[in-house]
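Participant: The structure that follows is given in the form of structure tokens.
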Amino acid sequence: MALTTAAPSVDPVRLRPGLAPYARTTVRLHPRRGTPGVTDSHLGGPLYWPAGEPWPHCADHRDVNGRPLGPYPMAAVAQLTAADFPEIPFPAGTDLVQVLWCTDWHDQPHPEGWGQSCRVFWRRTAEITAVREPAAGEPGTGDAHDEDMVPRPCVLRPERVVEYPWYEELPGGLREGLGEWYEEVSTVPGCKLGGAMGWATTDLPTALDCGDCGRPLALFLQFDTYEFLGGHEPDRWWPLEERHLLPGTPEFTAAREPTGMTVGRGGHAGLFLCSADPTHPPSFFTQ
Ligand SMILES: [Zn+2]
Ligand SMILES: [Zn+2]
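My numbering numbers the first residue of the sequence shown as 730 and each following residue consecutively.
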């Protein structure tokens, strides 16, 4: 079933013609709990991981006495294919991208404190001849799903939506006097690919640059605790096909919080990649 975002109740460019060049397309991933195939685009597991390749671990942790803890196996977070997401800047010869991260606490702000705690792998599907089986004890392999940073397996129903940037990204003259209507057309919430992130908690960082080469970072994936708010307030982001769900029911919660993650204390987070070379180390910012 496709999931559809309602049209905005205002035409932002009619209200502010200067906004026209700032329109961007983001891809709402619309994750919903399910049993994705190993080669499908999805959030959570299972990953199309080569049988001979070791699973990544994080060795960045120490106890209070400085003794090393771990290493901890990383969690499968996302897998996206070029066929489903042609807008991803795949490095030449690759058609599959996989994101894994450490589920334990890492200092903010990332990326400095994050070290190797998030890894992005670019692969060529045709080179994978045998698939690795997840090992017991790896995040997501047990029955319980009580970890805040391990997404439940979710299938995706991508939808392209036009959005406008976080207001602090606009030039001063355009930023002044924007009404509440701007919230309805800017920084789409939920899990999404590309577009712009909201920075209500910290304000926009003064520099969003690649730690490797200094070029600007671009939002790759946003992860969110909630896909929409729903309930009593009118909420454009509540998919039209799910408006019959009753707040408080398991079905509503599964639609609103499909990954089961609590991101950044119940907010959202952005995984950013270097705009010049996506193979440079990723950066991660929570809100
Ligand atoms: Zn770690
Ligand atoms: Zn870079």
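Beta carbons: idealized from backbone N, C-alpha and C, even for Gly.
1. May I ask whether a heavy atom of ligand 2 can be found less than 7 Å away from the beta carbon of A1005?
2. Per DSSP, which one or two residues make a beta bridge with P779?
3. Kindly list the residues whose CB is nearer than 8 Å to the CB of W895, restricted to its own chain and excluding five residues on each side of it in sequence; keep chain order.
4. Could you tell me if the beta carbon of D792 falls within a distance shorter than 7 Å of some heavy atom in ligand 1?
5. Quick check: the segment 732-743 against the segment 854-868, are at least 3 beta-carbon pairs closer than 8 Å?
6. With hydrogens ignored, establish whether the beta-carbon of R944 is closer than 7 Å to any heavy atom of ligand 2.
7. Give me the Cβ distance between F1001 and A947, rounded to the nearest whole Å; I'm assuming they're in contact under 8 Å.
8. Only counting runs of 4 or more residues, tell me where the alpha helix (DSSP H) segments fall wholly within the segment 883-921, in order along the chain.
9. In angstroms, rounded to a whole number, what distance separates the CA positions of W966 and E956?
10. Measure the alpha-carbon distance for C1003 versus F949 and round it to whole angstroms.
11. Give me, in chain order, the residues of the same chain whose beta-carbon lies closer than 6 Å to that of E897; leave out the 5 immediate sequence neighbours on both sides.
12. May I ask whether a heavy atom of ligand 1 can be found less than 7 Å away from the beta carbon of C847?
13. Does the structure place the segment 743-750 close enough to the segment 793-806 that three or more beta carbon pairs sit under 8 Å?
14. What separation, rounded to the nearest whole angstrom, lies between the Cα atoms of H835 and G773?
15. So, helix, strand or coil for A947, using DSSP?
16. Please indicate yes or no: does the CB of C787 lie closer than 7 Å to some heavy atom of ligand 2?
17. Within the present structure, is the beta-carbon of D833 separated from the nearest heavy atom of ligand 1 by less than 7 Å?
18. Take the Cβ of V860 as the centre, count every other Cβ of all protein chains shown within 10 Å, and call the residue buried at 16 or more, exposed below.
19. Any idea what DSSP makes of R753, helix, strand or coil?
20. Just to check my reading of the structure: L1021 and A805 have Cβ atoms closer than 8 Å, yes? What is that Cβ distance to the nearest angstrom?
21. Going by other Cβ atoms of all chains shown within 10 Å of its Cβ, with 16 needed for buried, is M1020 buried or exposed?
22. For a minimum of 3 consecutive residues, which ranges assigned as the beta strand (DSSP E) are wholly contained in the segment 789-820?
23. DSSP beta-bridge partners for S1012?
24. On the CB-based measure, 16 or more other CB atoms within 10 Å of its CB, does D740 come out buried or exposed?
25. Closest to E980 by C-alpha separation, out of R745, C847, R761, would be which residue?
26. I'd like to confirm something about Y751: is its beta-carbon nearer than 7 Å to some heavy atom of ligand 1, or not?
27. By the three-class DSSP mapping on this structure, what secondary structure does F952 have?
28. In chain order, what residues of the same chain have a beta carbon less than 6 Å from the beta carbon of V849, not counting five sequence neighbours either side?
29. Would you identify the three-state DSSP class for V879, choosing helix, strand or coil?
Facilitator: Straight from the coordinates:
1. Within the cutoff, so yes.
2. Paired residue(s): V860.
3. S915, T916, A925, M926, G927, W928, L933, listed in sequence order.
4. Distances from the CB of D792 to the heavy atoms of ligand 1 are all 7 Å or more.
5. No, they do not touch.
6. Yes, Cβ of R944 sits closer than 7 Å to a heavy atom of ligand 2.
7. With 8 Å as the limit, F1001 and A947 qualify as a contact, their Cβ atoms being about 6 Å apart.
8. Within the segment 883-921, the complete alpha helix (DSSP H) segments at least 4 residues long are 901-904, listed from N- to C-terminus.
9. Going from the Cα of W966 to the Cα of E956 covers about 7 Å.
10. For C1003 and F949, the distance between alpha carbons rounds to 9 Å.
11. For E897, where only same-chain residues beyond five positions count, the Cβ hits under 6 Å are L933.
12. In this structure, C847 has its beta carbon at no less than 7 Å from each heavy atom of ligand 1.
13. The segment 793-806, when compared against the segment 743-750, does not touch it at the 8 Å Cβ threshold.
14. If you take the alpha carbons of H835 and G773, they lie about 20 Å apart.
15. Strand at A947.
16. Not under cutoff, so the answer is no.
17. Correct: D833 has its Cβ closer than 7 Å to ligand 1.
18. Under the 10 Å beta carbon count, V860 is surrounded by fewer than 16 other beta carbons and is classified as exposed.
19. In this structure, R753 counts as strand in the three-state DSSP scheme.
20. Outside the modelled stretch of the chain, which goes from 730 to 1016, sits residue 1021, for which no answer is possible.
21. Since the first residue shown for the chain is 730 and the last is 1016, residue 1020 is missing from the structure and cannot be characterised.
22. You should have 804-810.
23. Per DSSP, F1001.
24. With fewer than 16 other Cβ atoms inside 10 Å of its own Cβ, D740 counts as exposed.
25. Each of R745, C847, R761 was checked against the Cα of E980, and the nearest Cα belongs to R761.
26. Answer for Y751: no, Cβ out of range of ligand 1.
27. Residue state, collapsed to three classes: strand.
28. Take V849, set aside five residues on each side of it, and the residues of its chain with a beta-carbon closer than 6 Å to its own are V828, P1011, in chain order.
29. Look at V879 here: in three-state DSSP terms it is coil, with no helix or strand label.
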